[in-house]
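Beneath this line is the structure, given in structure tokens, with notes to follow.
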Amino acid sequence: MKPVRILFVCLGNICRSPLAEGILRHLSLGYPVDVDSAGTGGWHIGDLPDPRSIAVARRHGIDIAGQRGRKIDAGDFAAFDLIFAMDRNNLATLRALAPPATQHKLHLFLSYTLGVERDVPDPYYGGPEGFQTVYSMLFEGCSSLIGRLEEIGS
Ligand code: 4NP
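The numbering used here applies: residue 1 is where the sequence shown begins, and numbers increase by one.
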């Protein structure tokens, strides 16, 4: 089976999407999946994930400190099978950037994975508890996604 290529996208690529990338990679051991993340904004290109994302991941046994921020680019829309926006603002940005033939790859993460029209909220300006909330939402969504990977990839 060919790997399913999955891209997570948030605004800065330092809080939510790197965490999603780390969680899915961790959960997907043994499943054929390629995972990456990117931001719609370019402020944190080359940066480590936010220390609060690194910390919450580490508390759950996941190391995301090797990941670096990058901005989405035009090639990503062809290179990935599924592109998950963390919130509706970022989904709208992706919709405006993506060529028509790739629009079907774009989804709101919690809508696709859990069937709820909810954003994964931006925790950047809040306290550490927001990062635990985000972790839990991402873990639940990624766990559901894992169960569907074989069906998606076939
Ligand atoms: P993220 O959070 O989109 O989950 O990575 C943010 C990180 C940085 C900024 C905004 C959101 N920023 O404005 O720098």
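Glycine included, every Cβ here is placed at the ideal spot set by N, Cα and C.
query	result
Hey, Cys15 and Asp63 are a contact pair by Cβ (cut 8 Å); roughly how many whole angstroms apart?	About 16 Å separates the two Cβ atoms, so there is no contact after all.
May I ask you to verify whether the stretch 25-32 touches the stretch 129-146, counting CB pairs closer than 8 Å and requiring at least 3?	yes
Would you report the Cα separation of Arg58 and Asn90, rounded to the nearest angstrom?	26 Å
Cα separation between Val35 and Met1?	16 Å
Out of Leu82, Ile45 and Asp81, which has the shortest C-alpha to C-alpha gap to Gln67?	Ile45
Could you tell me how far apart the beta carbons of Leu24 and Asp122 are, in whole angstroms, since I believe they sit closer than 8 Å?	Contact flag wrong, Cβ pair sits at about 19 Å.
Kindly indicate which three-state DSSP category Gly39 falls into: helix, strand or coil?	strand
For the ligand 4NP, any of its heavy atoms closer than 6 Å to the Cβ of Cys15?	yes
Taking the alpha-carbon positions, what's the Thr102 to Asp76 distance?	10 Å
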